[in-house]
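Peer 1: Protein chains in written order, with my numbering: chain A, 18 to 488; chain B, 18 to 488. Can you keep this structure in mind? I'll have questions shortly.
Protein chains: 2
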Amino acid sequence: MSAPTALAPLTGVSALLDAVGADAPHLDVRAPSAATASFAWDAGTAPRQGEPAGDGPAVAVPRTVAEVQELVRLAARYGVSVVPRGAGTGLSGGAGAQADQLVISTDRLDRIVEVSPADEVAVVEPGVLNAALNDRLAPLGLFYAPDPASWRISTIGGNIATNAGGLRCAKYGVTRESVLALDIVLADGSLVSVGHRSIKGVTGLDLVSLFVGSEGVLGIVVGATVRIRPLPVARRTVTAFFASTAEGVTAIGAITASRVRPSVVEFLDEPTLVGIDAAQNSDLRARGAALLLIELDGFGIDEQTAELTAALEAAGARVRVESETDAEVFWELRRSGRRFDERSWFAGGDVAVPKSRIAEMFAGFSAIESRHGVEISAVAHAGDGNLHPVVTLPIPAGADPANPPAALHHAVDDIVRAALALGGTVSGEHGIGTVKRALAAEELADRVRAAQFAIKSALDPVGLFNPGKAL
Amino acid sequence: MSAPTALAPLTGVSALLDAVGADAPHLDVRAPSAATASFAWDAGTAPRQGEPAGDGPAVAVPRTVAEVQELVRLAARYGVSVVPRGAGTGLSGGAGAQADQLVISTDRLDRIVEVSPADEVAVVEPGVLNAALNDRLAPLGLFYAPDPASWRISTIGGNIATNAGGLRCAKYGVTRESVLALDIVLADGSLVSVGHRSIKGVTGLDLVSLFVGSEGVLGIVVGATVRIRPLPVARRTVTAFFASTAEGVTAIGAITASRVRPSVVEFLDEPTLVGIDAAQNSDLRARGAALLLIELDGFGIDEQTAELTAALEAAGARVRVESETDAEVFWELRRSGRRFDERSWFAGGDVAVPKSRIAEMFAGFSAIESRHGVEISAVAHAGDGNLHPVVTLPIPAGADPANPPAALHHAVDDIVRAALALGGTVSGEHGIGTVKRALAAEELADRVRAAQFAIKSALDPVGLFNPGKAL
């Protein structure tokens, strides 16, 4: 073991690296350096252009579950805390690590172990990309339902850690509803299997659901049995344009009051349409001041279309059933969205509210805009009350792009508090990570937080996994 | 406080009763006696005719959440463990209590607090009957999906405690998928709210899912916000009769391979059909040796029927789309089922296996029948691989009905072990309670059980709630 250096907090990491070099050279562990800087952040906390990046953490890229166990035991022995990491596409800082920590990356645990159409399950390692699983399933007429916006680049393991939502969860549920069983490495290095390959099962406490969405604070998921479904027999895209944001938001309630449950219900407000047109050279705003972009799927697609159209038209919409070609254009505009470039400061949100309160959320934006001198736009996964507001502010000439004014973040906080006041939540689907811990503390009662910490301590008594995150 | 009596274990209960009498006469707490004997068991552990029933536990029937808190604090103070109880319709002994315990019944916490079609939620107290909620929702065109066989007589709180399944969960999921938020009284008497009224939310660990199915060992659910859905636009019953149990079981895979996902897929094997005919004077066995009783719902009911019928006929079935009148007869026969009377010993099971292994489960029954000299029949919630086998044995003249031979229970154990060997689970939907604890220990690894106990201890350090159950 090397002598202590001036970097006291790194002693543990140095000792761990020495031990790996001496006794476990088969492990791929990279020392903290500028080369690991990107492991200090995720997609939500990456530095802006011009911001300095320091040394990153130590990074291990195990090839097997046994190597994950070995790394966890070494980290515990040398007192180095562990940050599990998938693709790093999270938006709340959950996968970011400091120089005195060890990242365990799931990059090389990327096998699709099995696809069983007869059991309606797939068995995967955590580093499998969501898109890779769906590419494998599609030729079999099957799909894996959770579809976070990051689905092309995010991993199943990361989706599980954050209980990722997405567009289709209005109909198919969030990640939790698609996970049947997990293999997990716990803080003592032991490997446990929880849950069932059967669709149902109630033996003991539901540890699968507890681990889904736990943001890596309870253990590392090293395997998952997920539920797969037959591809719908038909899909259809319906657009509904409205004369105003307010009118469009009200129409969301008309869908709820109908008997149709679309697979996707995306609401885009007026500034979002204007922003997309500017970025993509489209003409959405010319067609209306707000848009509900809806996908129906399944049997009886004509019946569904008729009932949905009637409900929307009664709410004042101009409704169109899109051709496949036009539908693809709309979904691509939705995915690519606005561009937030170096000319603006911006900050995003991820609140969810009870469905009947969506209108009040949008109606409250103008007061927050006035108070803080910012602009707010939002898209909403309207089928489940999940809004993604974006607060923007043009960067004046000469200002430092890396230092947005406090008003930007105060506006985000006000949006979150508005959601809480309406019976909503700090995070609909992105998770708490580091970014939303203070606001989560406003949402959760002290006794609830104490219960969460007690569970964390019960499973990870020394606080090895992802300290300072989620809870 | 009264002097200790000969009944040493009851000291705590006596002291608690004295304290209630002296300081809290508003609490309705009944002393252990023959009058509370029925609280010693549930529907799965009730004594047979002729079996003696001893004194039951102390029983409290609080009127308010505050009274529940008060009772929990009193129980903790006097060292009396608490058994939460809904309607007592459970089948695994989870709600049974001993003379030195305090039952807290949710009987009087039976208000439907709110129904919000716009938010797609209902807010209920735990003692609300599942049927009462659906009676309230039906005129609004809505329903609450979880439908355990006991739905007319079981409570939402009990359904939550056991994560109850039912027939429709093949399509709509089990109770967990319909619970958004819970109010819970913890072991220190504190009242906490966990979860969200919004459909989505990922703030901190998922305590809602942890409490669902926890069988009363972590706290008492005193309020629930559950998800409600629009009634399907159409329902249709399809029957498929087969020449043999084996042929019928194989056809289950044909449904899985199709793109139709029925709301209900019930499989009845040959001895079940014979038993129903004997009890109900029906003619099912004359129509075939095995039956798939299927309900389709939703849009495109004709398209669904056509695809399902084609899949089933290709698998050898005689398929009929039933009229509404005939459909009602079939569902009533399924619900009323066989009768198990005083002429037979019987014992039931609740295993679940991966869907592709259902055929092997049924094929394995004859060897177990031969080994133990019993008869086995089974119905299966085939859509999710959940079997309810029943082991029977005629009672010879002069034998004691209250003392079945060990062979009966050995046969049940062998069925469970067969399910485990096929990758299945001890309990698909009834829970562990007291009845299946030994078998659960065969399913779960020691490290998993240790993790479950650690979580129990974290939330209930003194073991106040439902000791000896579930874990």
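In this text, a Cβ means the ideal position worked out from N, Cα and C, and glycines have one as well.
With which residues is residue 406 (chain A) paired in a DSSP beta bridge?
Peer 2: Beta-bridge partners assigned by DSSP to residue 406 (chain A): A:395.
Peer 1: What does residue 274 (chain A) reach in chain B if we use C-beta pairs closer than 8 Å?
Peer 2: 134 and 135
Peer 1: Could one say the Cβ of residue 222 (chain A) lies closer than 7 Å to chain B's Cβ atoms, at least one of them?
Peer 2: At least one C-beta of chain B is nearer than 7 Å to the C-beta of residue 222 (chain A).
Peer 1: Determine the chain B residues that contact residue 472 (chain A) at a beta-carbon separation under 9 Å, and present them in chain order.
Peer 2: Within chain B, the residues near residue 472 (chain A) are 222, 224, 227, 471, 472, 475 and 476.
Peer 1: Tell me whether the beta-carbon of residue 312 (chain B) lies closer than 7 Å to the beta-carbon of residue 280 (chain B).
Peer 2: yes
Peer 1: As an exercise, report each continuous beta strand (DSSP E) stretch of at least 3 residues that is fully enclosed by the region 80–115 of chain A, in chain order.
Peer 2: 99–102
Peer 1: Could you check how far apart the C-beta atoms of residue 202 (chain B) and residue 239 (chain B) are, in whole angstroms? I think they sit under 8 Å.
Peer 2: So it is a contact: roughly 6 Å between Cβ atoms.
Peer 1: As a quick exercise: from A:482, A:290 and A:353, pick the residue whose alpha carbon is nearest that of residue 309 (chain A).
Peer 2: Among A:482, A:290 and A:353, the Cα nearest to that of residue 309 (chain A) belongs to A:290.
Peer 1: Residues of chain B with CB closer than 7 Å to the CB of residue 86 (chain A), please, in chain order.
Peer 2: Result: empty, since nearest Cβ-Cβ is about 12 Å, beyond 7 Å.
Peer 1: Runs of 3 residues minimum, wholly inside the region 294–340 of chain B: which ones carry the beta strand (DSSP E) assignment?
Peer 2: Taking 3 residues as the minimum length, the beta strand (DSSP E) runs contained wholly in the region 294–340 of chain B are 307–314 and 335–338, in order along the chain.
Peer 1: So residue 487 (chain A) contacts chain B; which residues on that side make the cut at Cβ distance below 7 Å?
Peer 2: 221
Peer 1: Quick one: list the residues of chain A neighbouring residue 401 (chain B), beta-carbon separation under 8 Å, in chain order.
Peer 2: 215, 216 and 217
Peer 1: Counting only beta-carbon atoms, is residue 283 (chain B) nearer than 7 Å to chain A?
Peer 2: no
Peer 1: Closer than 7 Å between beta carbons: that is the criterion. Which residues of the region 393–424 of chain B meet it against chain A?
Peer 2: Of all residues in the region 393–424 of chain B, 401, 402 and 403 have a Cβ within less than 7 Å of some Cβ in chain A.
Peer 1: Exposed or buried, what is residue 473 (chain A) when buried is set at 16 or more other beta-carbons lying within 10 Å of its beta-carbon?
Peer 2: buried
Peer 1: Looking at C-alpha atoms only, which residue of B:62, B:72, B:64 and B:43 is the closest neighbour of residue 53 (chain B)?
Peer 2: B:72
Peer 1: Relative to chain A, which residues along the region 315–333 of chain B have a C-beta separation below 9 Å, given in chain order?
Peer 2: 315, 316, 317, 318, 319, 320, 321 and 324
Peer 1: Closer than 8 Å by beta-carbon distance: list the chain B residues that pair up with residue 370 (chain A), in chain order.
Peer 2: 215
Peer 1: Starting from residue 178 (chain B), follow the alpha helix (DSSP H) in both directions and report where the run begins and ends.
Peer 2: Residue 178 (chain B) -> alpha helix (DSSP H) spans 173–179.
Peer 1: How big is the Cα-Cα spacing for residue 511 (chain A) and residue 263 (chain A)?
Peer 2: Nothing about residue 511 (chain A) can be read from this structure; chain A reaches only from 18 to 488.
Peer 1: Compare the beta carbon distance of residue 245 (chain B) and residue 139 (chain B) with 7 Å and say whether it is the shorter of the two.
Peer 2: yes
Peer 1: Can you tell me which of A:218, A:170 and A:49 puts its alpha carbon nearest to the alpha carbon of residue 441 (chain B)?
Peer 2: A:218
Peer 1: Which residues, taken in chain order from the region 234–257 of chain A, show a beta carbon closer than 7 Å to some beta carbon of chain B?
Peer 2: From the region 234–257 of chain A, only 247 and 250 have a Cβ closer than 7 Å to chain B.
Peer 1: Let me confirm a value: residue 31 (chain A) is counted as buried when at least 16 other C-beta atoms fall within 10 Å, else exposed. Which label applies?
Peer 2: Label assigned to residue 31 (chain A): buried.
Peer 1: Could you name the residues of the same chain whose beta carbon sits closer than 6 Å to that of residue 257 (chain B), not counting the 5 residues immediately before and after it, in chain order?
Peer 2: If we look at residue 257 (chain B) and ignore the five residues flanking it on each side, its Cβ neighbours are 309, 329, 334 and 336.
Peer 1: Could you give the distance in angstroms between the alpha-carbon of residue 156 (chain B) and the alpha-carbon of residue 275 (chain A)?
Peer 2: If you take the alpha carbons of residue 156 (chain B) and residue 275 (chain A), they lie about 15 Å apart.
Peer 1: Looking at chain B, is there any beta carbon in it that lies within less than 7 Å of the beta carbon of residue 185 (chain A)?
Peer 2: no
Peer 1: Span of the alpha helix (DSSP H) holding residue 382 (chain B)?
Peer 2: 382–389
Peer 1: First and last residue of the alpha helix (DSSP H) that includes residue 237 (chain A)?
Peer 2: Counting along the chain, residue 237 (chain A) falls outside any alpha helix (DSSP H), though it belongs to the beta strand (DSSP E) covering 237–244.
Peer 1: Is there a Cβ from chain B that is less than 7 Å from the Cβ of residue 142 (chain A)?
Peer 2: no
Peer 1: Give the DSSP bridge partners of residue 442 (chain B), in chain order.
Peer 2: B:369
Peer 1: On the DSSP letters alone, give me the boundaries of the alpha helix (DSSP H) that residue 31 (chain B) sits inside.
Peer 2: 28–40
Peer 1: Compare the Cα-Cα distances from residue 297 (chain A) to each of A:305, A:327, A:338 and A:350 and report the closest residue.
Peer 2: A:350
Peer 1: Does DSSP put residue 270 (chain A) in a helix, a strand or coil?
Peer 2: Of the three classes helix, strand and coil, the one that applies to residue 270 (chain A) here is helix, per DSSP.
Peer 1: The region 160–181 of chain A: which residues have C-beta closer than 8 Å to a C-beta of chain B, in chain order?
Peer 2: 179 and 180
Peer 1: Looking at the strands, I want to know which residues DSSP matches up with residue 376 (chain A).
Peer 2: Answer is none; residue 376 (chain A) lacks a bridge partner.
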